[in-house]
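Engineer: Chains as they are written, first to last, in the numbering used here: chain A, 0 to 288; chain X, 415 to 736; chain S, 215 to 600.
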Amino acid sequence: MSDLSFWLVQALHGLQYSMLLFLLSVGLTVIFGLLHFVNLAHGALYALGAYISFSLTNWTGSFWAGFFGAPLGVALVGISLYLGLIRQMRKAGPMNQVLVTFGLIFIFLDLCRILWGDIALGVEQPEIFSKTVEFLGVTYPSYRLFVIALGLAVMGGLHLVLSRTQIGAMIRAGVDNDQMAACLGINVEQLFFFVFCVGCALAGIAGAVAAPILSVSPEMGTSILIPTLIVVVIGGLGSLPGAILGSLLVGFIQTIGAVVAPQLASILVYALLAGVLILKPSGLLPARS
Amino acid sequence: MFQQTPLKLATLALIILGLLLYAILGGYFARELVIEVAVLAILAMSLDMVAGYGGMVSLCHGAIFGLGAYMYAIVNVLGEGSPISGTLAALAVSGLFGLLVGAITSRTHGIYFIMTTLAFGQMAYVLIFDASSLGGDDGMWGLGRGDLSGLGINLEDSLQFAILCLLCVPLSYAVLSGVLRSGFGRSLVGIRENEGRMRALGITIWKIKAIGFALSGTVAGLAGVLAAQHTMFVSPELMTWTVSGEVLVVVILGGLGTLIGPAVGAVLLIFLKHALSSFTDYWHIVIGVLLILVVMSGGRGVYGGLELFWERRRNSLNKQEV
Amino acid sequence: MMKQWKRWILPAAAGALITAPAQAQDVKAGLLLPYVGVYAALGNEIERGFSLALEEAGVSNRISVVREDTEVKPPVGLAKARKLALQDEVDVIVGIVSSGVLGAVRDFVDGAKVPLIVANAGNDDATGSRCSRYVIRVSFSNSQVNRPMGQWMYNQGIRKVYTLAPDYAAGRQMINTFTESFKAAGGQIAGADFTPFQKTKDFGPYLTKAKATNPDAVFVFYAGGEAISFVKQYSSLGIKDSVPLYGSGFLTSSLYVNAEGPAAEGVITSLHYVPTLDTPENRSFVAAYRAKHEKNPSEYAVQGYDAGRLLAEAVKSGATTREALAQALPQVSYTGPRGSLRIDPATNNVVQNIYIYETVAGSDGLTQKVVGVMPDVQDAPNGCKL
C-alpha cells in the first residue's frame, strides 16, 4: 500500500468517526442552543436507538427496519421525556438539568440491562453495504462510506432547513433571543417541542448506524457521552457549524493520534478541550457572539 | 453567604454521634460503611464549598481525591516515607492541582467550566492509568496506615480507624466553614453573585477562584488519604469522572450550598446503596428516580428542605408571638 | 421480552434465597462477583456454574453461600471481602472477575488467612511474585492461555505477526507472553499497538496501520464489547481476506460470538475451554447446563463450575475450616469438563489443557472446532515461593 493511499484510508476513518460524532452532537447542540437545556441523557438515547434497531433488525430480518424504526422509537421516548420532565426543568438552571439527566442515565442504563441483558450484542450490516468498494487505489467498506454520506446528508439537510425555510428562520430567531421570538408571534413552545424531538431522533439514528460497526451494550451510552460533550463544547454550544468543526477536529485528532502517537491517543482529545476552553472560553464557533 | 446555624451544628453532631454509635454497636461491616460515609462526606463537603458557595461546579473532584490517595501511596510505598509525610505530600499535591485548575478555568462559566474541569480530571486519570511505574490499572498495594501507637491508638483496628475518619468530618467542616466565614469566603460568594461588581471593587477574580479551589482540593485530598489508608490500596478507578459525578449527586441529595447537607447526602447514598444492592442488582434505577425526584421537588436536597421547613416554622411561631 | 423480565426477577429472588441465613451447615462460602457494570454478565455466568457444581456434588445442603457485589470497583471489592471474612465469617471466598479487584483483595485474604478460589482474574502476579497459599486460582493465568500460541502459530508457517490489545495490565500481559513465545520459536513481530482501554470505538486506524506492515497474521486480545467491535471491523475493513486473525480465546468466547456473526468465522484462538469438547465429562456438563439455562456454558461458566467443584471435593474430603480448606483445596484433582485439572503446588495456579480452536459455522449459529491441544500447561513459578 503506497503512502498516499494509506493516508487516504486513514482520512476516511477519521471522516467516518467524525460523522458518527456529528450525528450525535448535532442533536445535543441544537437542543442546547434553543432550549438552553443540557441533556446528559443524550448518550442514553443513542444507546436506546442501538438497542431498538437491534430488536427490530432481529424481528424483521432487515437492517432498514431498525434504521427507520430507531429514530421513531427514540423520538417517542423523547416526547414522553419532554412532556413529563424536560418542560418543567427548562427554567431550572444548568446545574439541575445536569442532575436530572444524570438520573436519567442511571434509569436508562438499568432499563437496557433489564430488557436486553448484560451481554453485548451485535447487529449485522445491511446486505447492500456488506462489501468493500475500490476507488482511487484504495479499498474501503461500503457501509462506512454510507455512514459518511449519511452524515454529510444530515449536515446539508440541516443547513438548508436552518437557512432556507420558515421553521429554520424561527429556530434561528429562537436561538438568538427566544423572548423576542415569542413577541414576534412565534409559538416558541411548539418550536422547542419540535426541535427536542428531532434531536432525539438524530440520537436514535446515530445509535442505529453505529450498531453494525460497534457492539451494542448498556455502557455504550455513557462511554460515548464524554466525546460527544467534548465535540459540542469545543465547537460552541448551540452552534451547527460548531458541531461540524468540533466533530471533525475530535474525529481526526483521534484517528491521526492513533496512527502517529498511539501512546498519546487517549490524552490528546482532553488536551484539545482544555486548550480550546482556555483560549476561547465559549468554544470555537459560538452560536451567539 | 455562609451562615453558621444551630441547625447545622446539631445536624453535624447528630450524624457523628449516630455513626459513632453504629460503628461501636454494629458489626464489622458497619465500620466499613461508617468509614465510607466519612470519606464521602468530607469529599462532598469540599465540593460544596466551591460548587455551592463559589458557583464552580467541578467535575474533577474525583480526580483530586484520587491524586491525594495516589500521592500518599507513592510516598508511602515507593518512597518508603512515613504516613505523616505521605499525608502532607498528598494534601500539598491535591491543593496544588486545585490551584492550577482553579486558576486556568477562572475565565470559564457554567457548562464550559464543568467541561474544563472534566478535561483536567480526565487528563490526570489517563496519566495515572498509563503510568506503569505506578502499577497502571492494577494500582498500588502494600500501603500502611498511620501509626498513632504513641497515643495508645491502633489504626489497624477497624473501630479505631473508623473513629479517626469520623473525627476528620467535623475537622473538615470546621476548616471549610471557617474559610467561608472569613473575608475571603465572602469574596468567593460575592464572585458567584456578581463577578462584574467584584471586579469593579478591585478584587482579582482569578486569585480568589484559584485559592478557593486549592483549599477545596486540599480537603478533597484529605478524603483521598483516608480512602487510601482504609483500603491500603489505590487504583485509577478512584479518579474516573463517574466518581466526580457521584459526589455531585451526594451534594445535591443532601443540599447544595449548605455545607452540612452533603454530609447528610453521603449518609443517605451509602446506606441506601447498601440496602438496595442486597436485594436487587438493579439499584441504579432507584438512585436515578430518587435523584430526579429531589431535583424536581425544588432541588434543595434533604437538608435544604429541612432547613426551609425549620425556618418557616420559626417564622410562623415568631409571628404568633407578635 | 417475557424471558428478559424473568432474567430480572429471578436473580433477585435467587439472591434473596441464597443469602437467607442457613443453620447447621458445615461450610460458609462467600461469592464475590460483579453484578453491575461491564462484567455483570461474567459474574452471572460464574455464579450459574458454581451453583451447578454444588448441586451436582450433592453438597448444596452442606455449603451455605453469601453473595456480594464487587461492582468491578477495587475498593468496593475489598470492603465486601472484609465483610465476608470478618462479619459473615465465611470459611472460603470464591469469585473475583477483574484483576484490579484481585490486586486489592490479595493482601487482605493472605493476612486474614481466608482461602480464596479465584474464578476468573488472570493477572500473572497473583500466582507469581504475589502468590499466596491462600489464593488458589482455578480459572487461568494470562500467560497460560497465550503462551502455547507462539510455537503453534510458528509451526503453521507464520513468521511475521502484528499484535493489538487494549492498553491495560491484562492486555499487556497476554500480548507480552505471546510475543516472547513467538519470538523464541523464531518468529518476528511486525509491530504492536495498545489501544485505549474501553475508549476505542474505531479500530480502523490501527488496523490500517497493521495491514501496511504486511504481516502473515494479526494476533490480538480483546474481550466483551471490544471483542465484538474488533472482530466485526477486522472483517468489514476487508483485512480478514488477506491476513488471518488469531488471538486469545476470549476474542471469540461462546458467550458473545454470535453477536460477531460471520465476521468471526475462521478466527483461530487459544483458550482453556470450549463448549464443544468431545469428552464424556464435558458432554454431561454441557447437557446439565443446557437443561437449566437453555444455552451452552461459556468458559466463565466452567470457571465457576470448577471453583464450586474444587470446593465441593475439598469439603467432601473433610475440610471445613479455613486452614483445612487452604490445605485441601490445592490437593483436589479430577478430570472435568476442561479435561484433567489440578492445582500446581508451586504456585497454586491451575494446571490444565489449552485448546486451540477455530470458530466455524454450525447448525445453529457459530461453533468451535478444536484444531490443537496443549496438554497440562503449567506456569513457571515466576518468583513465587509457597
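Ideal Cβ positions, reconstructed from N, Cα and C, are used throughout, including at glycine.
Using alpha carbons as the reference points, say which of S:Glu270, S:Gly418, S:Asp381 lies closest to A:Phe5.
Structural biologist: Cα-wise, what sits closest to A:Phe5 is S:Gly418.
Engineer: Tell me whether S:Ile307 sits in a helix, a strand or coil according to DSSP, three-state version.
Structural biologist: Reduced to three states, the DSSP call for S:Ile307 is strand.
Engineer: What is the DSSP secondary structure of S:Ser265, reduced to helix, strand or coil?
Structural biologist: Three-state DSSP puts S:Ser265 in a helix.
Engineer: Sorted by chain position, which residues of the same chain lie with C-beta nearer than 8 Å to S:Tyr382's C-beta, five sequence neighbours on each side aside?
Structural biologist: So the qualifying residues of the chain are Phe411.
Engineer: Which class does X:Lys359 belong to by DSSP, given the choice of helix, strand or coil?
Structural biologist: Beyond the ends of chain X as shown, which are 415 and 736, falls residue 359 of chain X; an answer cannot be given.
Engineer: Residues in the segment 637-665 of chain X with C-beta within 9 Å of chain S's C-beta atoms, listed in sequence order?
Structural biologist: Listed by position along the chain: Ala641, His644, Thr645, Met646, Phe647, Val648, Ser649, Pro650, Glu651, Leu652.
Engineer: Looking at C-beta atoms only, is the number of pairs between the segment 544-563 of chain X and the segment 664-674 of chain X that lie closer than 8 Å three or more?
Structural biologist: Short answer: they don't touch.
Engineer: Short of 9 Å Cβ to Cβ, which residues in the segment 244-255 of chain S face chain X?
Structural biologist: Answer set for the segment 244-255 of chain S: Tyr249, Val250, Ala254.
Engineer: For S:Ala267 and S:Leu459, what's the separation of their Cα atoms in angstroms?
Structural biologist: Approximately 35 Å, taken between the alpha carbons.
Engineer: Find out if the Cβ-Cβ distance for the pair A:Asn38, A:Ile51 is shorter than 9 Å.
Structural biologist: No, the Cβ-Cβ distance between A:Asn38 and A:Ile51 is not below 9 Å.
Engineer: In terms of DSSP beta bridges, what is S:Met588 paired with?
Structural biologist: Note: S:Met588 sits in a beta bridge opposite S:Ile568.
Engineer: At 4 residues or longer, and completely inside the segment 66-146 of chain A: list those alpha helix (DSSP H) runs for me, N to C.
Structural biologist: Segments of the alpha helix (DSSP H) lying fully in the segment 66-146 of chain A: 92-115.
Engineer: Hey, quick one: how far does the alpha helix (DSSP H) through A:Pro240 stretch, first residue to last?
Structural biologist: From DSSP, the alpha helix (DSSP H) with A:Pro240 extends over 239-259.
Engineer: Note down the Cα distance separating A:Ser61 from A:Leu55, rounded to an integer number of angstroms.
Structural biologist: The straight-line gap from Cα to Cα measures roughly 8 Å.
Engineer: Residues of chain A with a CB under 9 Å from the CB of X:Arg521: which are they?
Structural biologist: Leu276, Ile277, Pro280, listed in chain order.
Engineer: At a Cβ threshold of 9 Å, is A:Ser288 touching chain X?
Structural biologist: Bear in mind that the predicted position of A:Ser288 carries a pLDDT of just 49, short of 50, making it unreliable; the figure below should be weighed with that in mind. It does not: the Cβ of A:Ser288 has no partner Cβ on chain X nearer than 9 Å.
Engineer: Residues in its own chain within less than 7 Å of X:Trp724 by CB, not counting five upstream and five downstream?
Structural biologist: Within the same chain, X:Trp724 has close Cβ partners Leu421.
Engineer: For the alpha helix (DSSP H) holding S:Gln387, just list the boundary residues, first then last.
Structural biologist: First-last of the alpha helix (DSSP H) with S:Gln387: 383-399.
Engineer: How about X:Phe685: is its C-beta nearer than 9 Å to some C-beta of chain A?
Structural biologist: No, no contact with chain A.
Engineer: Could you pull out every residue in the same chain whose Cβ sits closer than 6 Å to the Cβ of X:Val374, ignoring the five residues on either side in sequence?
Structural biologist: This structure does not reach residue 374 of chain X, given that chain X is present from 415 up to 736, and the question cannot be answered.
Engineer: Starting from X:Tyr539 and walking both ways along the alpha helix (DSSP H), at which residues does that stretch end?
Structural biologist: 524-544 is the extent of the alpha helix (DSSP H) around X:Tyr539.
Engineer: So S:Asn337 contacts chain X; which residues on that side make the cut at Cβ distance below 9 Å?
Structural biologist: Simply Asp552.
Engineer: So, does the CB of S:Glu394 fall closer than 9 Å to a CB anywhere in chain X?
Structural biologist: No, its Cβ sits nowhere closer than 9 Å to a Cβ of chain X.
Engineer: Thinking C-beta only, is S:Val445 closer than 9 Å to S:Leu465?
Structural biologist: Yes.
Engineer: Along chain S, which residues have their Cβ under 8 Å away from the Cβ of A:Pro261?
Structural biologist: In chain order: Asp407, Phe408, Thr409, Tyr420.
Engineer: Between A:Gly102 and chain X, is the shortest Cβ-Cβ distance under 9 Å, so that the two count as touching?
Structural biologist: True, the Cβ-Cβ gap to chain X drops below 9 Å.
Engineer: I'd like to know if the segment 359-370 of chain S and the segment 300-313 of chain S are in contact, where contact means that at least 3 CB-CB pairs between them fall below 8 Å.
Structural biologist: The segment 359-370 of chain S, when compared against the segment 300-313 of chain S, does not touch it at the 8 Å Cβ threshold.
Engineer: Helix, strand or coil, according to DSSP, for S:Val660 in the structure here?
Structural biologist: Missing from the structure shown is residue 660 of chain S; chain S here goes from 215 to 600 and no further.
Engineer: Using the C-alpha atoms, what's the distance from X:Tyr484 back to A:Leu284?
Structural biologist: Approximately 38 Å, taken between the alpha carbons.
Engineer: On the DSSP bridge list, what partners appear for S:Pro248?
Structural biologist: Answer is none; S:Pro248 lacks a bridge partner.
Engineer: Going by CA-CA distance only, name the one from X:Gly702, X:Val639, X:Trp655 that's closest to X:Ser472.
Structural biologist: Among X:Gly702, X:Val639, X:Trp655, the Cα nearest to that of X:Ser472 is on X:Trp655.
Engineer: Between which two residues does the beta strand (DSSP E) containing S:Ala431 stretch?
Structural biologist: Segment 431-434, the beta strand (DSSP E) holding S:Ala431.
Engineer: When you compare each of A:Gly241, A:Ile243, A:Ala242, A:Ala264 to A:Ile252 by their alpha carbons, which one comes out closest?
Structural biologist: For A:Ile252, the nearest C-alpha among the options comes from A:Ala264.
Engineer: Using 8 Å as the cut-off, can you tell me whether the segment 671-690 of chain X makes contact with the segment 495-508 of chain X, which would need three or more C-beta pairs spanning the two stretches below that distance?
Structural biologist: Touching, no, given that fewer than three Cβ pairs across the two stretches are closer than 8 Å.
Engineer: According to DSSP, what are the bridge partners of S:Arg351?
Structural biologist: Beta-bridge pairing links S:Arg351 to S:Val332, S:Asn563.
Engineer: Rounding to the nearest angstrom, what Cα-Cα distance links X:Ser692 and X:His698 in this structure?
Structural biologist: For X:Ser692 and X:His698, the distance between alpha carbons rounds to 13 Å.
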